[in-house]
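Protein chains in written order, with my numbering: chain P, 10 to 502; chain E, 255 to 884.
To keep things clear, I will list the structure first and then write my remarks on it.
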């Protein structure tokens with residue numbers, strides 16, 4: 010047994026996470042010192058995120074490709090890219106959070122707690138070992154639970170409780186599955202485990218373990234039928250936390266699923282896992298879209314529509330079958346970026362138009378065009394992207410995924426996926442355009458002077474997402490080529 | 255300066271105007287319309303420079319470097335191409351665009367959404383220039399859709415009027431039907447092309463080298479023509495065009511007379527090689543064009559609304575161009591394009607003159623109009639020039655382009671030229687009718703006062719000069735020579751015949767349709783009661799015969815041959831729509847909503863239920879996996 014030593018160079022490789030860790034300690038202390046200013050803590054948290062973002066970008070540019078902690082943590086181009094996406098999403102969430110009226114018990118924690126949650130998400134991306142994965146997952150989940158439970162209203166407590174229990178169920182499945190695999194191979198490292206697994210000997214055991222692992226991650230992603238918590242928890246959280254859940258947590262879980270599938274599951278039982286995922290994705294696409302039709306509470310609506318987007322993000326994985334090529338990864342990353350832009354933008358819109366003390370409802374957009382025309386324009390851009398209409402990031406993201414499903418997956422499976430995506434998109438017009446219709450619908454009675462609060466951070470997030478969505482829609486080739494270039498050698502190696 | 259190479263500036267200027275005007279919004283309504291007009295004027299001058307330089311150097315310039323996106327192995331490239339045809343179209347589009355904007359400064363002066371209107375026109379001009387300059391069919395299609403969108407927005411510009419809303423909807427749907435055909439055509443062509451290129455030059459080469467199998471060429475040609483039918487209002491997709499007259503009149507002049515509706519003819523001309531390679535397609539183009547030409551002219555004869563008369567006339571003239579294109583010779587191409595150019599000029603003139611009348615008298619029903627000549631003498635002159643040019647009277651521009659058409663049609667066969675002569679006679683008749691009813695006789699509206707209006711007057715004057723000057727023979731022949739080899743020459747007897755037909759048409763119409771003179775009643779106490787001296791419908795044998803013929807034959811034919819079957823058909827379709835289609839669509843909708851209700855009812859919010867679900871989910875997945883393995 011070698012002794013575990015952590016060199017300074019190792020810390021440099023883990024720089025983004027280290028910066029976050031340092032930042033959260035400093036911010037917590039600062040919070041104790043200066044109790045009065047909440048916003049400055051929030052801005053401090055934003056600075057920390059930007060520091061981590063810079064570190065991740067530097068790693069990406071320098072093409073860092075190294076493992077530390079005996080291969081439990083790997084930093085390569087793909088994980089750096091994923092971290093950048095997650096960090097950007099978290100920046101957006103913080104931007105939404107800064108300036109919201111405090112609905113929680115906490116003071117500075119409502120900003121600082123995002124950081125450990127994000128750290129868990131980033132560790133998940135880089136983790137190449139089951140214990141690290143598990144700890145990262147719990148770090149993410151528990152931080153999120155506290156964020157949700159801090160809300161003063163009872164609905165927040167209930168949501169936190171649900172997440173604790175359902176998160177526990179998920180963890181139980183995961184650990185159960187891991188323990189089977191550990192029993193078969195005696196290791197917790199992905200790579201070693203993949204080489205030691207023997208389908209000839211322990212076929213049924215391994216299969217059950219695989220299904221357990223996939224199901225437990227599906228609970229985290231909230232794929233149907235493991236989705237029910239997402240609606241209640243999403244509705245119970247305050248708007249920025251709901252945004253964090255729907256964007257950062259979800260993306261981290263999806264990345265984990267990709268990672269685990271590619272490293273451990275696909276080399277041994279690709280057909281079984283792909284079949285399971287295929288069923289989950291199809292059911293999710295159908296149920297999520299249909300369910301969303303009836304939702305008028307905005308947070309529930311976006312919790313449900315998030316399920317559909319998550320299912321879409323798994324389509325390239327299914328389509329590629331055994332080993333995703335550069336195209337599949339690129340398409341995935343493109344849609345992930347589009348998803349971050351449109352969802353963070355949507356939550357910023359909800360937060361900006363929301364009256365404190367009520368549940369966000371679709372009626373809050375009523376007549377927005379007449380009250381705040383420019384905000385309405387930005388929201389229309391985001392809704393176009395969400396609905397997948399040209400010219401927007403969402404359109405090309407969906408188009409690429411659709412074409413990939415049709416070209417990669419031969420036979421009925423590809424056609425079924427494509428048909429479900431198309432039909433789902435059509436259904437989604439109904440519920441997304443409800444928002445647009447509300448905006449153009451002039452409310453009766455006196456119009457409130459302007460219910461859109463001037464909050465520069467949230468306003469910036471909204472416009473950044475709207476313009477980003479349109480820009481990606483206008484020049485989709487640019488990002489696709491950049492992404493393909495960046496991850497080419499990672500995937501090939 | 256190399257104007258040809260920087261032709262991209264033309265659409266960019268309009269785009270800039272659009273962006274600035276829409277950004278500033280209603281705040282700048284005092285000056286943004288003027289600014290937009292000036293920018294469009296600059297664009298028009300720039301386009302003229304491009305045209306002149308292209309003419310002198312006889313060079314074509316293509317730049318198609320900008321790769322927007324690569325999907326698989328399919329590069330989507332954008333660029334622009336300047337050659338004689340596109341340079342000519344560019345001038346027409348920007349010139350009429352600028353004149354119409356100038357005109358609208360006055361016409362839309364009191365409209366609340368004036369800036370939006372000017373922004374839309376700029377966007378339209380930009381899209382239309384983009385369409386004209388497209389070096390490949392995909393880019394052309396994108397701009398094709400954009401001009402359709404602008405047309406939709408502008409037809410429904412007065413969206414508080416139900417008729418305008420309905421017309422916009424109809425135009426959108428009917429042109430969309432054509433567009434779907436065009437899109438399918440592009441897909442087929444894309445598959446058939448050896449290197450999957452949609453560039454016009456590659457299509458040209460591939461068709462000339464016979465790389466594409468013949469039946470595919472026919473299919474592609476027919477689908478392209480289907481798209482052109484939607485845009486150019488060819489039977490049976492023509493009904494949206496008369497309804498589109500609900501839009502503001504400057505729009506009718508720019509979009510629904512001069513430029514956008516000519517896009518179909520332009521498309522066929524740009525892809526003429528594809529049509530030349532398929533005799534079947536050419537024949538169908540000729541037949542549909544001829545039918546449209548006749549039907550449009552006949553319909554124009556019985557309309558009461560001044561703008562609808564002009565709209566049907568547009569349909570008819572576009573049909574004539576299509577019919578000529580169906581002859582399938584190089585001369586046919588030139589003749590059709592020449593007619594396209596002259597038609598754009600004099601039809602825009604007619605619409606703007608009609609707009610001036612409507613703007614002054616606030617009436618567009620020709621049965622209620624009369625005597626406008628006394629109020630608007632200059633406009634009367636302009637309308638007369640436009641009407642004579644449209645009828646094909648020597649020496650106006652319409653005469654020369656029609657002679658070119660007749661020469662080509664004569665080579666194609668006697669049937670075609672006879673049809674065209676009939677259309678020519680009908681054209682002379684309906685234009686005479688409109689002119690007599692509107693401008694002669696006594697004015698019925700009271701308190702009509704026309705002030706001098708320079709923004710409206712200048713475009714009318716400019717277009718009137720254009721309608722005369724383009725026809726100046728040396729100029730006209732050189733224009734033809736610039737467009738290509740083989741300018742058609744008309745035999746003298748045909749010239750004489752066509753002129754005779756026109757004169758006869760005018761004479762017959764002038765005899766049947768008399769100006770209405772209103773004589774003030776002799777009784778002084780009731781000055782409001784006026785006696786209308788009717789047109790001489792029942793005096794004179796000739797008129798009586800004509801009238802009986804018109805009432806008995808034409809109305810009967812129209813009612814029993816067109817209206818009734820069509821009504822029956824539409825009733826049937828409506829029934830089908832009511833029962834089958836509705837049941838299907840609403841059924842699907844209801845089912846979806848029902849499932850949604852069920853699904854949301856299942857989400858009761860109780861934790862143990864969710865836990866059990868998860869458990870059942872895992873059990874179901876395991877069962878599924880085991881089942882798959884067995």
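Yeah, the Cβ is synthetic: ideal placement off N, Cα and C, and Gly gets one too.
All figures in this text were calculated on a predicted structure; none of them were measured in a lab.
Of all residues in the region 323 to 343 of chain P, none has a C-beta nearer than 8 angstroms to a C-beta of chain E. By the criterion of at least three beta-carbon pairs nearer than 8 angstroms, the region 385 to 399 of chain E is in contact with the region 507 to 524 of chain E. Contact of residue 857(E) with chain P by beta-carbon distance below 7 angstroms involves 237 and 240. From the beta-carbon of residue 303(P), the residues of chain E found nearer than 8 angstroms are 847, 850, 851, 853 and 854. Nearest to residue 57(P) by alpha-carbon distance, out of 120(P), 82(P), 113(P) and 420(P), is 120(P). Sequence-distant Cβ neighbours of residue 559(E) in its own chain, meaning closer than 8 angstroms and more than five residues away, are 499, 618, 619 and 620.
Nearest to residue 651(E) by C-alpha distance, out of 842(E), 339(E), 663(E) and 726(E), is 726(E). Assignment of beta-bridge partners to residue 315(E) by DSSP yields 336(E).
Scanning its chain for C-beta atoms nearer than 7 angstroms, with the 5 sequence neighbours on each side dropped, one finds around residue 309(P) the residues 240, 243 and 244, in chain order.
For residue 670(E), the closest alpha carbon among the candidates 538(E), 408(E), 693(E) and 716(E) is that of 538(E). Just so you know, the alpha carbons of residue 622(E) and residue 769(E) end up roughly 12 angstroms apart. For residue 646(E), the closest Cβ of chain P is not nearer than 8 angstroms. Any Cβ of chain P closer than 8 angstroms to the Cβ of residue 322(E) would place that residue at the interface, and such an atom is present.
Annotation: the continuous alpha helix (DSSP H) that includes residue 295(P) extends over 275 to 302. In terms of beta-carbon proximity, residue 412(E) stays away from the interface with chain P, with every pair separated by 8 angstroms or more.
At a cut-off of 8 angstroms between beta carbons, residue 401(E) makes no contact with chain P.
Any Cβ of chain P closer than 8 angstroms to the Cβ of residue 868(E) would place that residue at the interface, and such an atom is present. Taking the CA atoms as reference points, residue 543(E) sits about 26 angstroms from residue 822(E).
Nearest C-alpha to residue 478(E) among 450(E), 509(E), 527(E) and 384(E): 527(E). Judged by their CB atoms, residue 178(P) and residue 865(E) are nearer to each other than the 8 angstroms cut-off. Two segments are said to touch when three or more pairs of C-beta atoms, one from each, lie closer than 8 angstroms; by this definition the region 503 to 518 of chain E does not touch the region 455 to 475 of chain E. Of all residues in the region 281 to 308 of chain P, only 281, 284, 285, 288, 296, 299, 300, 302 and 303 come within less than 7 angstroms of chain E when Cβ atoms are compared, listed by chain position. Proximity of residue 485(E) to chain P, defined by a Cβ-Cβ separation below 8 angstroms, is not satisfied. The Cβ of residue 276(P) sits no closer than 8 angstroms to any Cβ of chain E. When Cβ-Cβ separations below 8 angstroms define contact, residue 861(E) makes contact with chain P.
Taking a Cβ-Cβ threshold of 7 angstroms, none of the residues of chain E is close to residue 442(P); the smallest such distance is about 14 angstroms.
Here DSSP, grouped into helix, strand and coil, assigns residue 191(P) to helix.
For residue 370(P), the pairing in a beta bridge is given by DSSP as 306(P).
The Cβ of residue 175(P) sits closer than 8 angstroms to at least one Cβ of chain E.
The beta carbon of residue 625(E) sits closer than 6 angstroms to those of 695, 696 and 697, all from its chain and outside the five residues before and after it, given in chain order. For the region 155 to 167 of chain P, the set of residues with a beta-carbon nearer than 9 angstroms to any beta-carbon of chain E comprises 167, in chain order. Per DSSP, reduced to three states, the secondary structure at residue 742(E) is coil, with no helix or strand assignment. Shortest Cα-Cα distance from residue 501(E) to any of 562(E), 681(E) and 764(E) involves 562(E). Between residue 353(P) and residue 312(E), the alpha-carbon positions lie close to 55 angstroms from each other. Separation of the CB atoms of residue 126(P) and residue 152(P) is rounded to 4 angstroms, and the pair is thereby assigned contact status at 8 angstroms. Look at the beta carbons and you see the region 345 to 365 of chain E not touching the region 488 to 497 of chain E: under three pairs across the two are nearer than 8 angstroms.
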